[in-house]
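Reading through the structure tokens given below for one structure.
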Amino acid sequence: MTDLFELPLGPLERAFIASLQRLEPETPDMVLLAAALCCEALASGDVCLPLERLAGKRPWAEVDLSLPALATWRAQLEASPLIGARGEYAPLILDGDRLYLARYQAYEEQLAEQLLARAADAPAVDERQLSDSLARLFAFNRQSPDWQRLAAAQAVRRRLAVISGGPGTGKTTTVVRLLAALLEQPGGERLAIGLAAPTGKAAARMAEAIRNAKAELPVSDAVKAALPDEARTLHRLLGSRGDSPKVRHDAAKPLALDVLVVDEASMVDLALMAKLVAALPPKARLILLGDKDQLAAVEAGAVFAELCEGRGFDTQAAADLQRITGQHVPVETPRSRLGDAVVLLTHSHRFAGDSGIGELARRINAGDAKGTVALLQEGRADLAWNETPSPAALIERLEQGYSPYLQAARQADPSAAFEAFNGFRALTAQREGAFGLTGINEALEARFKRRLGVPARERWYPGRAVMVRQNDYALGLFNGDIGLCLKTEQGLRVFFEGDDGYRGFAPARLPSHDSAFAMTVHKSQGSEFTEVLLALPEQPSPLLTRSLFYTGITRAKRKVEIWALPARLAEAVVTRAERAAGLAERLGADEAKGSVEVRTMPKPASEPAGDQLSLF
Numbered sequence: 027m028t029d030l031f032e033l034p035l036g037p038l039e040r041a042f043i044a045s046l047q048r049l050e051p052e053t054p055d056m057v058l059l060a061a062a063l064c065c066e067a068l069a070s071g072d073v074c075l076p077l078e079r080l081a082g083k084r085p086w087a088e089v090d091l092s093l094p095a096l097a098t099w100r101a102q103l104e105a106s107p108l109i110g111a112r113g114e115y116a117p118l119i120l121d122g123d124r125l126y127l128a129r130y131q132a133y134e135e136q137l138a139e140q141l142l143a144r145a146a147d148a149p150a151v152d153e154r155q156l157s158d159s160l161a162r163l164f165a166f167n168r169q170s171p172d173w174q175r176l177a178a179a180q181a182v183r184r185r186l187a188v189i190s191g192g193p194g195t196g197k198t199t200t201v202v203r204l205l206a207a208l209l210e211q212p213g214g215e216r217l218a219i220g221l222a223a224p225t226g227k228a229a230a231r232m233a234e235a236i237r238n239a240k241a242e243l244p245v246s247d248a249v250k251a252a253l254p255d256e257a258r259t260l261h262r263l264l265g266s267r268g269d270s271p272k273v274r275h276d277a278a279k280p281l282a283l284d285v286l287v288v289d290e291a292s293m294v295d296l297a298l299m300a301k302l303v304a305a306l307p308p309k310a311r312l313i314l315l316g317d318k319d320q321l322a323a324v325e326a327g328a329v330f331a332e333l334c335e336g337r338g339f340d341t342q343a344a345a346d347l348q349r350i351t352g353q354h355v356p357v358e359t360p361r362s363r364l365g366d367a368v369v370l371l372t373h374s375h376r377f378a379g380d381s382g383i384g385e386l387a388r389r390i391n392a393g394d395a396k397g398t399v400a401l402l403q404e405g406r407a408d409l410a411w412n413e414t415p416s417p418a419a420l421i422e423r424l425e426q427g428y429s430p431y432l433q434a435a436r437q438a439d440p441s442a443a444f445e446a447f448n449g450f451r452a453l454t455a456q457r458e459g460a461f462g463l464t465g466i467n468e469a470l471e472a473r474f475k476r477r478l479g480v481p482a483r484e485r486w487y488p489g490r491a492v493m494v495r496q497n498d499y500a501l502g503l504f505n506g507d508i509g510l511c512l513k514t515e516q517g518l519r520v521f522f523e524g525d526d527g528y529r530g531f532a533p534a535r536l537p538s539h540d541s542a543f544a545m546t547v548h549k550s551q552g553s554e555f556t557e558v559l560l561a562l563p564e565q566p567s568p569l570l571t572r573s574l575f576y577t578g579i580t581r582a583k584r585k586v587e588i589w590a591l592p593a594r595l596a597e598a599v600v601t602r603a604e605r606a607a608g609l610a611e612r613l614g615a616d617e618a619k620g621s622v623e624v625r626t627m628p629k630p631a632s633e634p635a636g637d638q639l640s641l642f
């Protein structure tokens, strides 16, 4: 067999193999290779290594090396002291045909158990008061069934609520009104309610949306005053400790909350979600908001999408909800033991019935490549498709698209500049290449500088747009925040939107940042723009998936323009971003749990630096 260290493995995988060899010098190569592939899978977003998917195949096309057949491979893994079964203490855990780093198997199993316990625990509810609250708070809705009202009812009646909906389906409207209904319950005025999101930008947007929605609520001033209007990032909420996987709040030191609402939950990875649920008091309500069809977290796991797989109302749940809300509830056998904790919002208030964007989103999510192409060829007013894109033509089109913004930037009015900048945005699937983030930004900035008479070596000029790359709590700037450079009497200042208007900073004070005329679809999650131009790469790419395509086009409110070869467009529609994980299965039918023989290994002397590097 080829020397393991001659294989195309990254530095993390090589370090992992070396650490395992120090623990067990006689470990067979195929066991070490499985461990390295497991580590590599985490970096790709998978929670585990699915043996069945890889057994008997070549992990790298350019290397003449095939993995053993499944039965042989499993036998080798089971015989190794480095590999444990469920409940055992070892660096890696073999659970069925899934191989995990031990920490991630523990995260997944613990999360499933805690979510199921929370979903099964129904708090005491004054149904008459709830019925009155919901009728008043959702009187404006005429849809039948009114899924917003049903989602609110379940969030009050359960300690776990998972609410998924696409853009414009009213997730924020639903959550602010369900919180009002909770506060109107007996003793509700004493509830400690927390708001959180994965990023500072998402947290600020959530808090602003709830503040803006308060005024319209048909509730007492006391209830309005009790509604929270500040949100934190999940890392700040939990008290993350830099490089350590440990957090300040856990089961031993839980959060002082009765209700926690998490927005943009589709962006939360497995490790963070497990820590969050563990830190929440058992009797607290957890409300997760997100879009199951959007891109998953950058880190390992697609937790929110896995939770949404189990949706459905059985006969009893449907009858209870109909009694409380007056809504006819369709009966559908739940596909997981989460039961009726999951509710999907289906009516879009942003995209009308004849909306091309809304129809395009539906066809993409259905995997209908032929229908997607046919729709784009219809010439809808809110859809455009350039099927023969070239880099030069793209830059020319983007220069035209940003022309109104550059004009507005000359006025040095932050409000006008941001309004114009949010009117048009270029999105990309990847960072590199002529149709990638870096290439587009460099080419556009060169053009803008020539147009404005700015020397090519100058970094800062009026109209430059930047995106912050790291959180700076002292300045109140967060990863993903957009800043616009404008000319003022004090010189160039970079302005950011804030709760109380616009804040200007000298360019030298900014944390790490990039130019932001083009941004990746990942970074655009949660944002809305009047018009969007989505550029897909010329060459096949593993990044081209249905969820990326859907997320990109649904950032547009009025029009989306797609620059993509027909082959790349079709690949994006038919390719599902499937992440190897076992959470959905653990939440499914009851599993038989047999006894296991525990092999013990010496515990490491100190806590590892991070989740992925950790052996245990």
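FYI, in our numbering the residues of the sequence shown are 27 to 642.
Positions of the beta carbon are idealized from the N, C-alpha and C atoms, including for glycine.
Practice task
Give me the Cβ distance between residue 351 and residue 75, rounded to the nearest whole Å; I'm assuming they're in contact under 8 angstroms.
Solution key: The pair is not a contact, with the Cβ atoms about 45 angstroms apart (cut-off 8 angstroms).
Practice task
Whole angstroms is fine: what's the gap from residue 183's alpha carbon to residue 360's?
Solution key: 17 angstroms
Handout entry: In DSSP terms, what residue 662 is bridged to
Key = Outside the modelled stretch of the chain, which goes from 27 to 642, sits residue 662, for which no answer is possible.
Exercise for the section: Work out the CA separation of residue 311 and residue 208 for me, nearest whole Å. Expected result: 10 angstroms
Practice task
Check whether the region 506-524 touches the region 413-426, taking contact to mean three or more Cβ pairs, one atom from each stretch, closer than 8 angstroms.
Solution key: no
Exercise for the section: Evaluate contact between the region 484-504 and the region 215-224, counting only Cβ atoms and requiring at least three cross-stretch pairs below 8 angstroms. Expected result: no
Exercise for the section: Please go through the same chain and pick out, in chain order, the residues whose beta-carbon is closer than 8 angstroms to the beta-carbon of residue 354, but skip the five residues on each side of it. Expected result: 170, 171 and 348
Problem - residue 433 burial status per 10 Å Cβ neighbour count (16 or more: buried) - result: exposed
Exercise for the section: Assign residue 403 to buried or exposed, taking buried as 16 or more other Cβ atoms, counted over all protein chains shown, within 10 Å of its Cβ. Expected result: exposed
Problem - Through-space distance from residue 163 to residue 633, alpha-carbon basis - result: Residue placement at residue 633 is poorly supported in this model, since its pLDDT is 33, which falls under 50; the coordinates still yield a value, given next. Those two C-alpha atoms are separated by around 49 angstroms.
Problem - residue 556 - containing beta strand (DSSP E), residue span - result: 555-561
Problem - Whole runs of the alpha helix (DSSP H) within the region 67-97, excluding any shorter than 4 residues - result: 77-80
Exercise for the section: Just tell me which of 274, 605, 564 and 580 has its CA closest to the CA of residue 329. Expected result: 605
Problem - Residues bridged to residue 190 [DSSP beta-bridge criterion] - result: 316 and 370
Problem - residue 531, DSSP secondary structure in three states - result: strand
Exercise for the section: Could you work out which residue in 99, 80 and 70 is closest to residue 55 when comparing CA atoms only? Expected result: 99
Practice task
Please name the residue in 185, 133 and 607 whose C-alpha comes closest to that of residue 299.
Solution key: 133
Handout entry: Coil, strand or helix - residue 339 by DSSP
Key = coil
Exercise for the section: Kindly provide the ranges of any alpha helix (DSSP H) runs that are 4 or more residues long and lie completely inside the region 567-620, ordered along the chain. Expected result: 572-579, 592-600 and 609-612
Practice task
With a 10 Å radius around its C-beta and 16 neighbouring C-beta atoms as the bar for buried, classify residue 37 as buried or exposed.
Solution key: exposed
Handout entry: Coarse secondary structure for residue 444, derived from DSSP in three states
Key = helix
Problem - Inter-residue spacing [alpha-carbon to alpha-carbon] between residue 65 and residue 108 - result: 14 angstroms
Handout entry: Separation of residue 583 from residue 388, as counted between CA atoms
Key = 15 angstroms
Handout entry: Whole-Å CB distance - residue 19 paired with residue 303, under 8 angstroms assumed
Key = In the structure displayed, the chain extends from 27 to 642; residue 19 sits before or after that span and is not available.
Handout entry: Limits of the beta strand (DSSP E) - the one that residue 391 falls within
Key = Taken as a continuous stretch (DSSP letters only), residue 391 belongs to no beta strand (DSSP E), being part of the alpha helix (DSSP H) at 382-391.
Problem - Nearest neighbour of residue 430, chosen from 401, 439 and 447 [CA to CA] - result: 447
Problem - Limits of the alpha helix (DSSP H) - the one that residue 431 falls within - result: 429-435
Practice task
Under 6 angstroms Cβ to Cβ from residue 159, same chain only, skipping five residues before and after it: list those, please.
Solution key: 207 and 210
Practice task
Mind checking who residue 499 pairs with in its DSSP beta bridge?
Solution key: Beta-bridge pairing links residue 499 to no other residue.
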